[in-house]
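S.K.: Take a look at this one; I'll ask things after.
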Amino acid sequence: MPPDTDTGIATDRRVVNTNTYSQYPTGQSPPATMSADDFSASFFKHVDSSVQQYISELGDAVAIPSVSADLPQHLPDIIKMMEWTKAYIERLGGWVHMLSNPKEKDDSGHALPPILLAEFKAAENAEEKKTVCCYAHLDVQPAAKEDGWDSDPFVLTEKDEKLYGRGSTDDKGPALSWLWVIRAHRNLNVDLPVNVKLMFEGMEESGSDGMFEAIQNLSKEGNFLNDVDFFCISDNYWLGANKPCLTYGLRGLAYFSVSVQCCEQDLHSGVLGGTVHESMVDLVQLMSSLIDSSGKILVPGIMDDVAPVTPEEEALYTGIDFDPEAYKKENKVASVSNKLMHENKEDLLMARWRYPTLSLHGIEGA
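All residue numbers for the sequence shown refer to the numbering used here, where the first residue is 16 and numbers rise by one.
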């Protein structure tokens, strides 16, 4: 999901307009009108008949090791993944543009991949229809068999009716799903109910370098994002394996790093221990002052802006399909402590969704 800073992309501004491209693949008839029930039945029948094609195409995408954490080695793979997606969009008749990354280089001086912009306009009454922009990312985290994978992470592998492969769910599968939806409408000769824009990046797993700058510029009058009515981030989770869900809000994120220095060089604890302050001890003590073992955040004022739970809101959690026991197994907790921070479904979901949380993400030091 896009974080980061600020510049401009004036050189690309004039080409990121959304008014000129073929609305429908050449040679295809204008879309037919169909009732919602008829379309629903036809759509799911089409999806069911296309499963093997979806798996094959997802396998092609997973096979591209677009690892953003290692730009010197994998920048060509990220660009290859974007070009693969660009070609797919063009085959569907969409407008597509590779926007040069406005940040150009990361903090280490490595060139950054472009940002893919695309659009599919409704064939009829496009100006009267809403526009939704779908965000996804085409880069992945590093992966290797020696990390604990049972199979090659860059070979999509089916096991126990599940598909395993780096990026299959985060986030190449969700990104491709938007294209499959477009293709289903094309194949069924049904017009899009909205105009669809796509914004796919290649640096999400490494800080989304350049995305804030791009979004700021593209949101200006007349630019690519200026007429967008809704955004959809397709980089989220189901609650379990039984039912899809739509995430309509996020808590937001703030992250910090803390350094503690007690001397100018590494010291031998066996020789000097007990005579000088040790930064690791001080850091651990500082971290323990932020949160206790029950998960209660100890930062003063952290709850001041959190709205109290109303009976109406509390009732919303009751009917949600969520199993704490399955949650423990899914996250490999059951075989270790077999404990969660809360025992009942409602408290777990509120802790996950509506209340602040504080996590510590690692300590480095000698």
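Beta carbons are placed, not taken as given, at the ideal position from N, Cα and C, and that holds for glycine.
Just to confirm the assignment: which complete alpha helix (DSSP H) runs, minimum length 4, are found wholly within the stretch 315-377?
M.R.: Counting only runs of 4 or more, we get 326-333, 339-345 and 360-368.
S.K.: Given a cut-off of 8 Å on the beta-carbon distance, is the pair K212 and E134 in contact?
M.R.: In contact: K212 and E134 (Cβ atoms closer than 8 Å).
S.K.: Starting from the Cα of S166, find the closest Cα among A137, W195 and V77 and give me that residue.
M.R.: It is V77 whose Cα lies nearest to the Cα of S166.
S.K.: Would you mind stating whether A10 and P157 have Cβ atoms separated by less than 8 Å?
M.R.: Since the first residue of the chain shown is 16 and the last is 381, residue 10 is not available in this structure.
S.K.: Based on the DSSP secondary-structure assignment, which residues constitute the bridge partners of L131?
M.R.: In the DSSP output, where bridge partners are listed per residue, L131 has M113 and F215.
S.K.: Any heavy atom of the ligand HEM closer than 7 Å to the CB of M49?
M.R.: With respect to small molecules bound, the structure shown includes none, and the ligand HEM cannot be examined in it.
S.K.: Between T184 and V348, what straight-line distance do the alpha-carbon atoms span, to the nearest angstrom?
M.R.: Distance between the alpha carbons of T184 and V348 is about 21 Å.
S.K.: When you compare only the Cα positions, how much space is there between A366 and M295?
M.R.: About 30 Å.
S.K.: Quick check: the Cα distance between I306 and C277, rounded to an integer number of angstroms?
M.R.: About 24 Å.
S.K.: Checking the sheet assignment: what are the DSSP bridge partners for L149?
M.R.: Looking at the sequence shown, residue 149 is not Leu but Cys. Answer is L213 and C247, bridged to C149.
S.K.: So, under 8 Å CB-CB, A159 and N210 are touching, yes? Tell me the CB distance rounded to an integer number of Å.
M.R.: Not really, about 41 Å apart at Cβ, beyond 8 Å.
S.K.: Label D162 either buried or exposed according to how many other C-beta atoms from any shown protein chain fall within 10 Å of its C-beta, with 16 as the threshold for buried.
M.R.: So D162 counts as exposed.
S.K.: What's the gap between the Cα of Y263 and the Cα of I248?
M.R.: If I take the Cα positions, the gap works out to 9 Å.
S.K.: What does a CB cutoff of less than 6 Å around K187 pick up in its chain, not counting 5 residues either side in sequence?
M.R.: Correct list, in chain order: A76.
S.K.: From D320 to P371, what distance separates their C-alpha atoms?
M.R.: Their Cα atoms are separated by approximately 10 Å.
S.K.: Does the stretch 170-178 come close enough to the stretch 83-100 to have 3 or more Cβ pairs within less than 8 Å?
M.R.: With the cut-off at 8 Å, the stretch 170-178 and the stretch 83-100 do not touch.
S.K.: Apply the 10 Å Cβ neighbour rule to C149 and answer buried if 16 or more other Cβ atoms are within range, or exposed otherwise.
M.R.: Buried, because 16 or more other Cβ atoms sit within 10 Å of the Cβ of C149.
S.K.: Are the CB atoms of A199 and F337 nearer to each other than 8 Å?
M.R.: Going by C-beta atoms, A199 is not nearer than 8 Å to F337.
S.K.: May I ask you to report which of helix, strand or coil DSSP gives L298?
M.R.: L298: helix per DSSP, three-state reduction.
S.K.: Alpha carbon to alpha carbon, how far is S274 from S115? Give it in angstroms, no decimals.
M.R.: For S115 and S274, the distance between alpha carbons rounds to 35 Å.
S.K.: Cα separation between V155 and G182?
M.R.: Approximately 6 Å between the Cα atoms of the pair.
S.K.: The beta strand (DSSP E) spanning K174 covers which residue range?
M.R.: Here the beta strand (DSSP E) through K174 covers T172 to K174.
S.K.: If we ignore side chains and look at the alpha-carbon of each, how far apart do V205 and A56 end up?
M.R.: When rounded, the distance between both Cα atoms is 13 Å.
S.K.: Can you give me the C-alpha to C-alpha distance between I94 and P128, rounded to a whole angstrom?
M.R.: Between I94 and P128, the C-alpha separation is close to 6 Å.
S.K.: Are the Cβ atoms of H152 and E219 separated by less than 8 Å?
M.R.: Taking 8 Å as the Cβ cut-off, H152 and E219 qualify as a contacting pair.
S.K.: Kindly indicate which residue of T325, G222, L301 and E340 has the alpha-carbon position closest to the one of I378.
M.R.: I378 has its Cα closest to that of L301, out of T325, G222, L301 and E340.
S.K.: Can F271 and T100 be called in contact, C-beta distance under 8 Å?
M.R.: No, Cβ-Cβ distance for F271 and T100 is not below 8 Å.
S.K.: Start and end of the alpha helix (DSSP H) containing Y270?
M.R.: Segment: none, Y270 is in no alpha helix (DSSP H) and carries neither H nor E.
S.K.: Quick check on the DSSP output: the beta strand (DSSP E) that includes L178 runs from which residue to which?
M.R.: Its beta strand (DSSP E) spans residues K177 to Y179.
S.K.: Under 8 Å between the Cβ atoms of S61 and L207?
M.R.: According to the sequence shown, residue 61 is His rather than Ser. Not in contact: H61 and L207 (Cβ atoms no closer than 8 Å).
S.K.: Excluding five sequence neighbours on each side, which residues of the same chain lie with their C-beta closer than 6 Å to the C-beta of H112?
M.R.: The answer, listed in chain order, is L132.
S.K.: Among residues of its own chain, excluding the 5 on either side of D224, which ones have a beta-carbon nearer than 8 Å to its beta-carbon?
M.R.: Here the set comprises D19, N116, K118, D121, L127 and M218.
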